[in-house]
Amino acid sequence: MDEIPLQYGNVSSAVRVGDSVHRSIGAWTPTIHALLAYLNDNNFTEAPRVLGFDERGREVLSFLPGIAASRPWPKIMLDKVGVEQAGRLLRKYHDVVVNFVPPADAEWRVGKTEKKPGQIIRHGDLGPWNTIWQNDKLTGLIDWDFAQPGERLEDLAQMAYYFIPLRSEEGWREAGFKERPDFVKRLNTLVSAYGMYSVNELIEAVLVQQSEERKLVREKAAQGIEPWVYFFARGDVEESLRDTKWLGGIKECL
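Heads up: the sequence shown begins at 4 in the working numbering, then just goes up one per residue.
Put into structure tokens, the structure is as follows:
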């Protein structure tokens, strides 16, 4: 059966073979498989199922039909309805994963980090490119390789940064907006859909989370660890600095 390259993101090598996806693996793969198995056992159908490995040692996951939201976004994501769906799905995932106990020897892509009391397992890579849409419905979350222990608010902040998007003009124009998005409406929609946090808490969390992301990229890139070397080389740190400077300047208006 033919292999069809998939362009979901810029990090993992993935191909579709029939109704399955074959992807490159790493030391973190067994831990991610344990997470995906837990989600499947607990009826979280928006994540792929683990089917095993192929003869080349690649992981085999179930294929989630639909369209990944590359830029420019699907029209539904430019509407607050898309934001609402994203917030609800993230809350659903967090409520399901809250009781997941990682394997004793759990290793995450960011390293061996223990889950602390009160934490959940973050998706960790909540960009639109990792969401699957069918007929204007958000039906899937893919690419779980960056899952890691953390706080709910960290995931929500990452979602806000990319989905609102809380980014300067270059960022929101790349997403497909012709005019400045209604940031207030979109933020309130996301906060209402997820619950638990205020807009002010979310904005501050975005600033903190982006600062931590820049620190991580710098540190991992300096150690020669991919994909952070790639992230650093393509200008992710400078892009984040530009966006958070912009956000810091307008946050009182949100």
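Each residue gets a CB set at the ideal place from its N, CA and C atoms; glycine is no exception.
Here the segment 13-32 lies against the segment 138-153, with 3 or more beta-carbon pairs under 8 Å apart. ASN133 is classed as buried because its beta carbon has at least 16 other beta carbons within 10 Å across all chains shown.
In the DSSP assignment, PRO8 forms a beta bridge with VAL18. Using a Cβ distance threshold of 8 Å, ALA71 and LEU144 do not count as a contacting pair. Beta-bridge annotation (DSSP): GLN213 is not paired with any residue. Across the set ARG237, SER195, VAL209, ARG94, the C-alpha of VAL209 shows the shortest separation from the C-alpha of TRP249. Here the alpha carbons of ALA37 and VAL194 stand approximately 30 Å from one another.
Take PHE235, set aside five residues on each side of it, and the residues of its chain with a beta-carbon closer than 6 Å to its own are VAL220, ALA224, in chain order.
Rounded to whole angstroms, the separation of the alpha carbons of VAL104 and VAL232 is 31 Å. Annotation for PRO106: PRO33, THR34, ALA37 place their beta carbon closer than 8 Å to its own, counting only its chain and skipping 5 residues before and after. From the listed residues GLY121, GLU110, LEU9, the smallest Cα separation to LEU67 is found for LEU9.
A Cβ-Cβ separation of about 6 Å places ASP158 in contact with LEU129 under the 8 Å criterion.
Of all C-beta pairs linking the segment 112-122 to the segment 85-96, fewer than three are shorter than 8 Å, placing the two stretches out of contact. Comparing C-alpha distances from HIS126 to each of ALA109, ASN102, MET162 shows the shortest one belongs to MET162. Nearest C-alpha to VAL202 among ARG52, GLU222, ALA160: ALA160.
Assigned with DSSP and collapsed to three states, ARG237 falls in coil, not helix or strand.
Secondary structure within the segment 151-227: the beta strand (DSSP E) runs of 3 or more consecutive residues, fully enclosed, are 151-153 (chain order).
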